[in-house]
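In the numbering used here, the protein residues as written are 27 to 429. Beta carbons: idealized from backbone N, C-alpha and C, even for Gly.
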Amino acid sequence: MPQKGFISLHYRDFCLFLLARFFVLCTLQMLAVGLGQKVYEMTHSALHLGYIGLALFLPKLVFALIAGHAADRFDRTRIVFISRGVQALIAAGLVVLAHGGFQPLWLVYALLLLMATAHTFDGPASQAVVPQIVSKEHFNNAVSWNAAVFQFAFISGPAMAGWMYAVYGPMSIFYGVFVLRFLSFIFIGLMKRYPHEKPQHELTWKSLMAGVHYIFNHQVLLGIISLDLFAVLLGGAVALMPIFANDILHVGPTGLGFLRTAPSLGAALVGIALAHLPPIKQAGKTMLFCVALFGVFTILFGLSRSFYFSLFCLFALGAFDMVSVVIRGVLVQILTPPQMRGRVSAVNLVFIGASNELGEFESGLTASWFGTVPAVVLGGMGTLFIVLTWFWKFPQLKKFQPD
27 MPQKGFISLH
37 YRDFCLFLLA
47 RFFVLCTLQM
57 LAVGLGQKVY
67 EMTHSALHLG
77 YIGLALFLPK
87 LVFALIAGHA
97 ADRFDRTRIV
107 FISRGVQALI
117 AAGLVVLAHG
127 GFQPLWLVYA
137 LLLLMATAHT
147 FDGPASQAVV
157 PQIVSKEHFN
167 NAVSWNAAVF
177 QFAFISGPAM
187 AGWMYAVYGP
197 MSIFYGVFVL
207 RFLSFIFIGL
217 MKRYPHEKPQ
227 HELTWKSLMA
237 GVHYIFNHQV
247 LLGIISLDLF
257 AVLLGGAVAL
267 MPIFANDILH
277 VGPTGLGFLR
287 TAPSLGAALV
297 GIALAHLPPI
307 KQAGKTMLFC
317 VALFGVFTIL
327 FGLSRSFYFS
337 LFCLFALGAF
347 DMVSVVIRGV
357 LVQILTPPQM
367 RGRVSAVNLV
377 FIGASNELGE
387 FESGLTASWF
397 GTVPAVVLGG
407 MGTLFIVLTW
417 FWKFPQLKKF
427 QPD
């Protein structure tokens, strides 16, 4: 029998799923470093860095509800398989564009829009299939490993990309992205199919909005998901990393890779620890506390002029963010009926996308208005304000403890 902390890794298809997920997430971070550094070198504009986040967010806003409905009506493994194939083709297109010097720049954003569209259909199906792969009693462990792999990819991806950019140039990053995307496509193809109970109704506006209605009628779910949306939307500083690396800390593309790695290293270590620990007690109150500390370390990072102290701040904010990620991941799934998981996951995907990609656009926009450091510090202060507001607005959240 496998050890308790590794119990979900006993499932063959879950291991394939994790490997495929690792490759895709790793390439996302490689692209973030490679494209972020290249776009900043070409434009020296915080706003253009923000446009990358906007290009990644818009397809989620447009297609997420349809993707969630598809995840509830059709074979989820097949949806992920097709999506990964499309992503591999788009990665090949980025290789071709890189050979042309990333000109014209609008074509970079166009390919990112297409890639984000494929990710939008991938996301709800991927999230909803995990409870089908592992048994209910092992699901908490699977969520922790899923989150830990997420962070390990965010560790290795930027570190490797920063090194590749400095040593071999940007072309090497885009070749690597294509290879890993193709491997992810293959690994998903090796998984078996998992039939699930499908909704009986056809595609209608009511069925599309069912996930939204369910969340807004469930105060704990609404509090969990919206807390992440607004706190990270305001507190995220990821899009501005190339500016910190090049103009504030003066560490170049290699340092940029380490800066993007630090939050994920903290998160991954916490994720492994949580996989070996019993479920978190006082989950709602713990989540609020950790999001507040995320805001505190965001402020400290914005004020830092030391590369090593900046790494420490990013490590810490990643660690505290991971606790809230695991809590949210568990609660969203266990509080959602099986036949609704695809649509609820789609809404969750929009909220997460808004907090991450739209947050990058917000960071680029505010940095172009107020400057890079004020934008980050004000964002961290905004996160603290959100936590205080949610503590008062959602009393059920701070008291909630799952069975």
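Among the residues of its own chain, which have a CB less than 7 angstroms from the CB of residue i, if the five just before and after it don't count?
i: K419; result: none
i: C41; result: L35
i: P28; result: Here the model assigns P28 a pLDDT of 49, short of 50, so the residue's position is not dependable and the matter cannot be decided.
i: S170; result: G297, L300, A301 and V352
i: N382; result: V258 and G262
i: M159; result: Residue 159 is actually Ile in this sequence, not Met. Here the set comprises Y37, D39, F40, F43 and Y220.
i: G119; result: L137
i: Y201; result: V121
i: F213; result: L42, L45 and A46
Could you give the first and the last residue of the continuous alpha helix (DSSP H) run that contains residue i?
i: A294; result: G278 to A301
i: Y135; result: L131 to I159
i: R354; result: F333 to I360
i: K425; result: P421 to K425
i: G390; result: G385 to F396
i: N172; result: F165 to Y194
i: V322; result: A309 to L329
i: D430; result: This structure gives no information on residue 430, because the portion of the chain shown stretches from 27 to 429.
i: Q365; result: Q365 -> no alpha helix (DSSP H), and no H or E assigned at all.
i: P85; result: A72 to R99
i: L275; result: That residue, L275, is in no alpha helix (DSSP H); it is neither H nor E in DSSP.
i: I108; result: R102 to H125
i: A236; result: A236 to F242
i: F256; result: Q245 to G261
Give me the residue from the options with the minimum Cα distance to residue i.
i: H302; options: G149, G111, A174 and E383; result: A174
i: T392; options: S161, L260, L423 and H70; result: L260
i: R47; options: A309, K162, F396 and D148; result: D148
i: A81; options: E388, I105, A401 and V399; result: E388
i: L329; options: A72, G397, G368 and P157; result: G397
i: F256; options: G321, H125, G215 and N243; result: G321
i: P289; options: F411, P364, F176 and S71; result: F176
i: L87; options: A144, L216 and L131; result: A144
i: A309; options: P421, I92, G94 and P363; result: P421
i: G127; options: G195, C339 and H70; result: G195
i: L216; options: P400, L45 and L410; result: L45
i: V110; options: M267, L131, A72 and L51; result: In the sequence on display, residue 110 carries Arg and not Val. Ranking the options by Cα distance to R110, first place goes to L51.
i: S161; options: I360, V399 and P400; result: I360
So, for residue i: in the same chain, excluding its five sequence neighbours on each side, which residues have a beta-carbon less than 8 angstroms away from its beta-carbon?
i: V349; result: V296, L300, I306, T312, M313 and C316
i: L319; result: A342, L343 and F346
i: M366; result: D98, A236, G237 and Y240
i: I251; result: I241, R354, V358, V373, N374 and F377
i: Y135; result: Y77, I78 and A81
i: I33; result: H164 and N167
For residue i, which residues from the same chain have a beta carbon less than 6 angstroms from its beta carbon, with the 5 sequence-adjacent residues on both sides left out?
i: A90; result: T146, A372, L375 and V376
i: R102; result: A151, A154 and V155
i: F43; result: none
i: H74; result: V65
i: G408; result: L260
i: F178; result: A294
i: G281; result: A271
i: F49; result: L206, L209 and S210
i: V413; result: L314, V317 and A318
i: G31; result: A301 and H302
Quick test of your reading: residue i and residue j, contact by CB under 8 angstroms. State the CB separation rounded to the nearest angstrom.
i: V246; j: A117; result: About 39 angstroms; that fails the 8 angstroms criterion.
i: L285; j: A294; result: In fact, because the Cβ distance is near 16 angstroms, the residues do not count as touching under 8 angstroms.
i: G249; j: L423; result: 4 angstroms
i: N166; j: V356; result: 6 angstroms
i: G472; j: M68; result: Nothing in the structure corresponds to residue 472, since the chain is present only between 27 and 429.
i: V402; j: T287; result: Between T287 and V402 the Cβ distance is about 18 angstroms, and since that is not below 8 angstroms, they are no contact.
i: A114; j: I105; result: The pair is not a contact, with the Cβ atoms about 15 angstroms apart (cut-off 8 angstroms).
i: I181; j: G60; result: Their Cβ separation, rounded to whole angstroms, is 16 angstroms, which puts I181 and G60 out of contact at 8 angstroms.
i: L253; j: W416; result: 5 angstroms
i: G390; j: A265; result: 5 angstroms
i: A72; j: S336; result: Not confirmed; about 18 angstroms, so no contact.
i: R331; j: G94; result: 44 angstroms between Cβ atoms; not a contact.
i: L432; j: L123; result: Since the first residue of the chain shown is 27 and the last is 429, residue 432 is not available in this structure.
i: A192; j: P268; result: About 13 angstroms separates the two Cβ atoms, so there is no contact after all.
i: W189; j: G283; result: 6 angstroms
Does any residue of chain D bring its CB to less than 7 angstroms from the CB of residue i?
i: F165; result: Among the chains of the structure shown, chain D does not appear; only one protein chain is present.
Using 6 angstroms as the cut-off, classify the Cβ of residue i as near or not near the heavy atoms of the ligand ADP, replying yes or no.
i: F89; result: Questions concerning the ligand ADP fall outside what the structure shown contains, since it holds no ligand whatsoever.
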